[in-house]
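Residue numbers (the working numbering), protein chains in the order written: chain R, 16 to 340; chain F, 16 to 340.
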């Protein structure tokens, strides 16, 4: 069997991460990157770029399209549209809207005879899998999800909207004290403030009132008011030198009991130097699964919950049983 | 739909754990425990006991048999025999013999029109799943499995065979230093000695030569010679008071890179106060999956690699997407 033919839709951080992840998987081949920009501007990178409007010409050529757009406006339109033509994988992560997104994609994919894996990545994605696994095995227990340490794009944007702020970045930091309590067997009810801290690094405009900026940030409703927030003023040079990475990660922990109060703890954790590259690596593994499910004749929308891990690997069932079981 | 009707075969620590786990899952019902002992001797416990030879009479009544025998001699015979009559779940854990065991159970289950999930539990089982997931997402990387801190039955038995030893227990202890090196992003080649320590607690017979016992243990080939082993002599009272639990656990860690050497770490860990109760809880969740797969008309052997997590949960797909994704 030949290599899996993959297309990437969108060439931001996630799309670039998918390109790099595909290079690590010899059973896959990147056919083209589809973009809303003028593809000529991007042509020098050794990858074939196409305008998104040309996607239809690749029907029958591309096995799976990896959709790397954003959840706010791109994916709600893109996934159903492209699922009518191709198998797809995406990282739609607006938790509250997943049910309606699933229905829309399911209908479109079935109409096109394709298979779409929605909402992969690590949360939703690997973290969701671990929440499900842990509560299925320990029905009597309490589950926790912690995020970080990592950059939150939404909170960084919120900082940058404060008057007098020139640039800034916000890190979500899980409370080590809370995690240690849970690891030691406690099942505390934790408030928002007890679970995560927010660390802000801010470049102020010249002459700006730093106290006023700090006050505006730490009291900002929804974003910071419910958290213990620190604001550190730094120079533009420091921001460039120390805060350009996109680290992230977190923990899914379930503390349960079996029998006569025997404590049992299941923990899954990620520590990522590049959030977009890791998310893209998950998308690529699920692209392999999408192609296989489609080849079996399956159609419609799937989530990570519906897909056996064997489908993520290029190895055969016999190899997996021999080497990894 | 009525409750799932479950049978348990074998009533040692694992079988008793399965009984307790079933009590935590309201969609399941324990019909009977099958044993090679005289069932009358066990009848007082509020559970229906049957001799193993009566199992056949439960065809059409029991949906899934949870096989709680040992891997050395019980399961290689029991699983194929019972798979001809019932859907089964077992925890066969002799890694090297899994391929032939799979083939034997697959043939028997297909012959009987049943579905058998083999080699569940946590290793093989949940640890295997995490090894597969992590290498599928981070193909460029190194994977590690650490076990413990926990009681190793085989090593405890080995201690008790040393002349002059009255009783004893052995704990496998993962090297915290090795784990921290990996967590910090290193991918060391670790020797056996560098990965785990072995802590032995020994009750000596009166007048026995403790130095000779210690020497016999720490130099014992296969079991202790390749490890840093400590031997602590304790009283029979201390053994009773402090070493009757069956704790275990461990870690599966993969350290990989994406793109231009971005380090990415995936870690799964368990901390268990009761190894058999936890293993049994995994078996029970996979019993639910076995029943569902069988109801779909699937037959033959399956491993954890072949089963989507959604099948482990009593919740519907829509509930899972809404609550856990």
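Glycine is no exception: its CB is placed at the ideal position from the N, C-alpha and C atoms.
- Residues of the same chain with a CB within less than 6 Å of the CB of residue 70 (chain R), apart from the 5 flanking positions on each side, are 49 in chain order.
- Listed in chain order, the positions of the region 263 to 277 of chain R with a beta carbon within less than 7 Å of a beta carbon of chain F are 273, 274 and 277.
- Residue 279 (chain F) counts as buried, since no fewer than 16 other beta carbons sit within 10 angstroms of its beta carbon.
- When Cβ-Cβ separations below 8 Å define contact, residue 112 (chain F) makes no contact with chain R.
- Taking 7 Å as the cut-off between beta carbons, the residues of the region 305 to 323 of chain R near chain F are 318, 320, 321, 322 and 323, in sequence order.
- With a 10 Å radius around the Cβ and a threshold of 16 neighbouring Cβ atoms, residue 93 (chain F) comes out buried.
- Between residue 211 (chain F) and the set F:193, F:179 and F:32, the nearest pair of CA atoms involves F:193.
- Neighbours of residue 155 (chain F) in chain R, taken as residues at a C-beta separation under 8 Å, are given in chain order as 39.
- Residue 332 (chain F) carries a helical assignment under DSSP once its states are collapsed to helix, strand and coil.
- For residue 340 (chain R), the closest alpha carbon among the candidates F:267, F:340 and F:312 is that of F:267.
- A Cβ of chain R is located within less than 8 Å of the beta carbon of residue 336 (chain F).
- Taking every protein chain shown into account, the CB of residue 181 (chain R) has fewer than 16 other CB atoms within 10 angstroms, so this residue is exposed.
- Proximity to residue 53 (chain F) across F:26, F:39, F:317 and F:78 peaks at F:26, based on C-alpha coordinates.
- Taken through DSSP and simplified to helix, strand or coil, residue 258 (chain R) comes out as coil.
- Listed by position along chain F, the residues whose Cβ is nearer than 7 Å to that of residue 297 (chain R) are 152.
- In this structure the region 136 to 155 of chain R does not lie against the region 212 to 231 of chain R, because fewer than three pairs of beta carbons, one per stretch, are closer than 8 Å.
- At a cut-off of 8 Å between beta carbons, residue 139 (chain F) contacts chain R.
- Segment contact: the region 269 to 276 of chain F against the region 291 to 306 of chain R, three or more CB-CB distances shorter than 8 Å; contact assigned.
- Scanning R:91, R:144 and R:110 for the CA closest to the CA of residue 120 (chain R) turns up R:91.
- Of the residues R:112, R:45 and R:264, the one whose Cα lies closest to the Cα of residue 73 (chain R) is R:45.
- At a Cβ-Cβ threshold of 8 Å, residue 84 (chain F) and residue 24 (chain F) count as neighbours.
- With respect to chain F, the C-beta atom of residue 282 (chain R) has a partner C-beta closer than 8 Å.
- Looking only at R:22, R:29, R:20 and R:18, the smallest Cα-Cα distance to residue 296 (chain R) is reached by R:29.
- For the region 118 to 135 of chain R, residues whose beta-carbon sits nearer than 8 Å to a beta-carbon of chain F comprise 134.
- Scanning F:216, F:240 and F:270 for the CA closest to the CA of residue 246 (chain F) turns up F:216.
- With fewer than 16 other Cβ atoms inside 10 Å of its own Cβ, residue 203 (chain R) counts as exposed.
- Not a single C-beta of chain F is nearer than 8 Å to the C-beta of residue 75 (chain R).
- Taking a C-beta distance under 8 Å as the contact criterion, residue 312 (chain R) and residue 284 (chain R) do not qualify as a contact pair.
- It is roughly 28 Å from the alpha-carbon of residue 287 (chain R) to the alpha-carbon of residue 117 (chain R).
- Less than 8 Å divides the Cβ of residue 322 (chain F) from the Cβ of residue 323 (chain R).
- With respect to the 8 Å criterion, residue 179 (chain F) and residue 224 (chain F) are classified as neighbours on the basis of their beta carbons.
- Within chain F, 273, 274 and 277 have C-beta atoms less than 7 Å from the C-beta of residue 292 (chain R), given in sequence order.
- Runs of the alpha helix (DSSP H) lying entirely within the region 204 to 265 of chain R, each at least 4 residues long, are 207 to 210, 225 to 233 and 251 to 257 in chain order.
- With distances taken between CA atoms, residue 80 (chain F) lies nearest to F:304 out of F:162, F:157 and F:304.
- For residue 288 (chain R), the residues of chain F that pass the 7 Å Cβ criterion are 277, 278 and 279, in the order they occur in the chain.
- Within its own chain, the residues whose Cβ lies closer than 6 Å to the Cβ of residue 47 (chain R), once the five positions on either side in sequence are excluded, are 22, 63 and 65, listed in chain order.
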